[in-house]
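2 protein chains.
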Amino acid sequence: MEVIRSNFKDNLSKVYEAVEEADFLAIDGEFSGISDGPSVSALTNGFDTPEERYQKLKKHSMDFLLFQFGLCTFKYDHTEEKYIMKSFNFYIFPKPFNRSSPDVKFVCQSSSIDFLANQGFDFNKVFRNGIPYLNQEEERQLREQYDEKRSQANGAGSLSYISPNATKCPVAIPEDQKKFIDRIVEQIEEFLKKEENESLELEPCTGSKERYIVISKVDEEERKRREQQKQAKEQGKLVIGHNMLLDVMHTIHQFYCPLPDVSNPLSVQMRLKLLDTKLMASTQPFKDIINNTSLAELEKRLKEVPFSPPKVESAEGFPSYDTASEQLHEAGYDAYITGLCFISMANFLGSFLSPPKNHVSARSKLIEPFFNKLFLMRVMDIPYLNLQGPDLQPKRDHVLHVTFPKEWKTSDLYQLFSAFGNIQVSWIDDTSAFVSLSQPEQVQIAVNTSRYAESYRIQTYAEYVEKKHEEKRAKRKCTEDSWKEMERKRLKTQGAPYISQSRYYYSFLLYFHQRHSAFEIVHTWHFSLYVYFINLHVNH
Amino acid sequence: MEVIRSNFKDNLSKVYEAVEEADFLAIDGEFSGISDGPSVSALTNGFDTPEERYQKLKKHSMDFLLFQFGLCTFKYDHTEEKYIMKSFNFYIFPKPFNRSSPDVKFVCQSSSIDFLANQGFDFNKVFRNGIPYLNQEEERQLREQYDEKRSQANGAGSLSYISPNATKCPVAIPEDQKKFIDRIVEQIEEFLKKEENESLELEPCTGSKERYIVISKVDEEERKRREQQKQAKEQGKLVIGHNMLLDVMHTIHQFYCPLPDVSNPLSVQMRLKLLDTKLMASTQPFKDIINNTSLAELEKRLKEVPFSPPKVESAEGFPSYDTASEQLHEAGYDAYITGLCFISMANFLGSFLSPPKNHVSARSKLIEPFFNKLFLMRVMDIPYLNLQGPDLQPKRDHVLHVTFPKEWKTSDLYQLFSAFGNIQVSWIDDTSAFVSLSQPEQVQIAVNTSRYAESYRIQTYAEYVEKKHEEKRAKRKCTEDSWKEMERKRLKTQGAPYISQSRYYYSFLLYFHQRHSAFEIVHTWHFSLYVYFINLHVNH
């Protein structure tokens, strides 16, 4: 379903309903560009740490516009043993609401625009009919301006702004409402005295009968059950994406709040479950039987043995996609086939159980190891960014950091290290690169022989990291206070009672979490997955 | 005529021809935004100097894309007493040529995009079919890369790059061509001995008979005449625009070279004649009879007495525009009606001659006072930026520069100066503004009374300017050398024999000139125009 400015309000309830009933959601975004740096390759070094990569994307990718947002909801029908799918393709454009609302400037990257143009992307639909949006802070500011104008119009001074939080303080009961409140208090006191576990429906405060308060008595067990239910609800649905790091970052940045500075250790309660199908496809048991993990190729591969094409049907009133006539790079379609890929791969895991299971649900423990680990493009030895624990930290004891004159080319580095056999060069910038040798033992030899060199400088990866940390420690001291201030503001804002309509349907992505920045040595992902997989095989 | 990527090459000769035969050209551009600053109003302060305004536009407007370029050529048919018009509407998009060519990032401003979307602007045509382009430096770099690749492919080392200029050095004549060259030399020597003023057609060097060298003898007078002709040709056509400063800056920046730093005094030979119809309409004798100088309103006004609608027809094979069904903000249409406005206003000047003239040509002395003066938006006392002489420098002895806490609002300034009667406030930024008083005598009183104020600070405009100059002098010292270096490079590039096709049709805007930055007191524009106008009235 195409959702644009003119039909957004009418279809919003359909979006809520689809999200509410879904077993899992798939998302995809189309952006106006990828990297505002000198080149896309400058954005990705093969030896980036997950934190460095996050920082690079935050710095060089967030000024682009997410102008098409695909959301595809999947609900399993146990009777019919198939998924019912609802697909939404949102066109997004920050049309200014009025003269005092934000006039967003966004960057376009010619190569990305050209790519989408060749795919038949409809830019006119984006710019003429895109749904406008505000992030939390912009909305707060706009409301503040309105309140200020209103209070000025009411004759109050310009400084009489009342914080929304102020309304949460105890208030004096107006004389004409005292009788009503007294009657309610009496009712509740009587209800508490009774032994029965009935519930009490209070009289509506306003004329409308649609909203009123119900008071129920629960025992300790019921209270716990309800709390768990609430927690489970808060933890959110499983949201899947293919190579989804940028999609997640853009969604949060554009519709919710500034991206957190990852290097600042915060512990925020995780309420989000993400799963990246590209990471899943690049991991055992899939890694060995899937050659190409690009979305289109993956979708094709997963229709063939040993996989089975999933049974998915469009819900009534929703248009269906045909995977035969590819509509790749329409966000709604990409979200759809991402969902198909996930279902096939999840079900494939079920085939290892004894007895084998044809259907593996989004809540199955089988897929938990993939939660909140987002695929990292072009990093040699770290497959993912971990959103809920420390990042992997491979040894890299065969890696050198080399500094040299800006005239040097890759061939100069090959020549310099010609004595060491095969090497791999990962450019950092004009005057530095990582060089990985085939043997860790060669590292010290290379460092020693370079000691008297004048034009270049070699250090071990460990030395390089240590120096960088020292610089960061000095810097962090300065910024820590300002971050604390920001977080304080953020929390304060969350308490505010205002929620914009345009933000509702993005609420499933509300919380993006601080990753721990502590550098700890952890067992590698592939090993842990392997163990998990063996266990899976043996125990079930 | 719509010119897009697919029909650009086929229509290029038509563009050349139209420009070549034209009496004057009108241009207009549509951009993806105006200001990347916090607000458009921050871009324009009522007391900007022309130089400051130029710097602001250079800093805050050049990252947007000129994505539609309108060119309308006007040729006067003396027999029919009407103009023949050819209109071109170019869609422009920096589609990357290949992976190593520049991947341009440009900014979009939501309000501008929304404005154009409401006018029915076709973004799909821009992004799918826009004509790609390179500026001079990008083209040079791309060619260099190609040459390097080619020479590497030929087995030469990576450092064997040969500068294009090197081909201009004397070359040894290959053995097999020596006879041919000798014969030519002989021919020329014989020709020079003869007394007749014939010309000598040399034998073509290549097989093709289409290009060969003709040698003619000319006397001193003829030589001078030809030189003047050449100079006149080089000086270029009259190019008109409506409120054209940004159009001119974008055109140069995007298609030719980085904009010059105006504060660096350079004297480049002026080869360009620009005329701004908005400035013309805001100046006597038009000022008093034209209320609204916006393009659409101006065009309507100039159809009525005392003006006469110009006689203009589309050339054969060119589509015509109908001013009754407005297509405003299509660049080609805007350029067209800018041309109409110019013709009406120029002819109106002719009505003051005795005997009156119905047709005033683009080469008439009557319009010369308007040359190379570009309208300045929202500057209180300086109507234009002067491209070929010192800028106007009004007295501003009634203006104060005030610094204050960032909480202050306009009302606080009104209160502070309440004793001085009417004031005008021009915000500079959050913590400073110009305040103009109604009487220059009040200035010193205001400065004196503020002497002991702690929260704010007042200085005269002259003091403010003096301090700014001191800062600039210190800064300029540092940048002067780098500018010299740049200019050196620019001149060197001009000598290179390569010219790109995509740049040809912009060559009429090749030179944008350094304005003098010396602050000299000159008679004001309005006064000088008045004198000119009186002279016009009396002498003809």
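Line by line, the protein sequences give chains C and Y.
FYI, in this note's numbering the residues of the first sequence are 62 to 601.
FYI, in this note's numbering the residues of the second sequence are 62 to 601.
All C-beta atoms in this analysis are idealised placements derived from N, C-alpha and C, irrespective of residue type, glycine included.
Helix, strand or coil at residue i according to DSSP, with G and I counted as helix
| i | result |
| --- | --- |
| T134/Y | strand |
| F569/C | Confidence at F569/C is low in this model, with a pLDDT of 27, below 50, so its placement is unreliable and no value can be given for it. |
| S499/Y | coil |
| M310/Y | helix |
| K255/Y | coil |
| Q555/C | At Q555/C, the pLDDT of 45 sits below 50, so the modelled position is not reliable; the number obtained from the coordinates is stated separately. Note: Q555/C maps to helix in three-state DSSP. |
| A494/Y | strand |
| E262/Y | strand |
| P461/C | Rather than Pro, the amino acid found at residue 461/C in this sequence is Leu. Strand at L461/C. |
| A87/Y | strand |
| V279/C | coil |
| Q454/C | coil |
| K361/Y | helix |
| N447/Y | strand |
| T228/Y | Only weak support is given to the placement of T228/Y: the predicted model assigns it a pLDDT of 40, under 50, and the value that follows is read from those uncertain coordinates. Of the three classes helix, strand and coil, the one that applies to T228/Y here is helix, per DSSP. |
Backbone CA spacing between residue i and residue j [nearest angstrom]
| i | j | result |
| --- | --- | --- |
| S93/C | D175/C | 10 Å |
| N190/Y | Y152/Y | 7 Å |
| A557/C | R204/C | Unreliable positioning characterises A557/C in this predicted model, as indicated by a pLDDT of 36, which lies under 50. The coordinate reading is nonetheless provided below. Their backbone Cα atoms lie some 11 Å apart in a straight line. |
| G400/Y | Y525/Y | 41 Å |
| T134/Y | T338/Y | 16 Å |
| F158/C | E198/C | 15 Å |
| S148/Y | P111/C | 55 Å |
| K533/Y | E527/Y | 10 Å |
| L448/C | C318/C | 17 Å |
| W488/Y | P455/Y | 19 Å |
| T109/C | V440/C | It should be noted that the sequence gives Asp, not Thr, for residue 109/C. Roughly 6 Å between the two C-alpha positions. |
| R424/C | L336/C | 12 Å |
| F69/C | K136/C | 22 Å |
| R287/C | K278/C | 12 Å |
| L477/C | W469/C | 11 Å |
| T471/C | T354/C | 29 Å |
Chain C within 8 Å of residue i, Cβ atoms only
| i | result |
| --- | --- |
| S219/Y | Legend: pLDDT at S219/Y = 42, less than 50; position of this residue unreliable, value from coordinates given subsequently. Taking Cβ atoms only, chain C reaches closer than 8 Å to S219/Y, which makes this a yes. |
| P319/Y | no |
| C169/Y | yes |
| K210/Y | no |
| R286/Y | no |
| V421/Y | no |
| D322/Y | no |
| N304/Y | no |
| V165/Y | yes |
8 Å Cβ cutoff, residue i in contact with chain Y
| i | result |
| --- | --- |
| D175/C | yes |
| N196/C | no |
| H574/C | Residue confidence for H574/C is low, a pLDDT of 28 falling below 50, so the modelled location carries little weight; the figure read from the coordinates is stated next. Not closer than 8 Å to any Cβ of chain Y, the Cβ of H574/C fails to qualify, so no. |
| E78/C | no |
Counted within 10 angstroms of its Cβ, other Cβ atoms place residue i as buried (16 or more) or exposed
| i | result |
| --- | --- |
| L253/Y | exposed |
| G378/Y | exposed |
| I274/C | exposed |
| D349/Y | exposed |
Beta-carbon neighbours of residue i, restricted to chain C and to distances below 7 Å
| i | result |
| --- | --- |
| P155/Y | S171 |
| A178/Y | F188, R189 |
| N185/Y | D183, F184, N185 |
Within chain Y, the residues that residue i reaches when beta carbons sit closer than 8 Å
| i | result |
| --- | --- |
| N159/C | The contacting residues do not exist; N159/C stays about 10 Å from chain Y at best. |
Chain C contact residues for residue i, given Cβ-Cβ distances below 8 Å
| i | result |
| --- | --- |
| G94/Y | K166 |
Neighbour list for residue i in chain Y, Cβ cutoff strictly below 7 Å
| i | result |
| --- | --- |
| D97/C | K166 |
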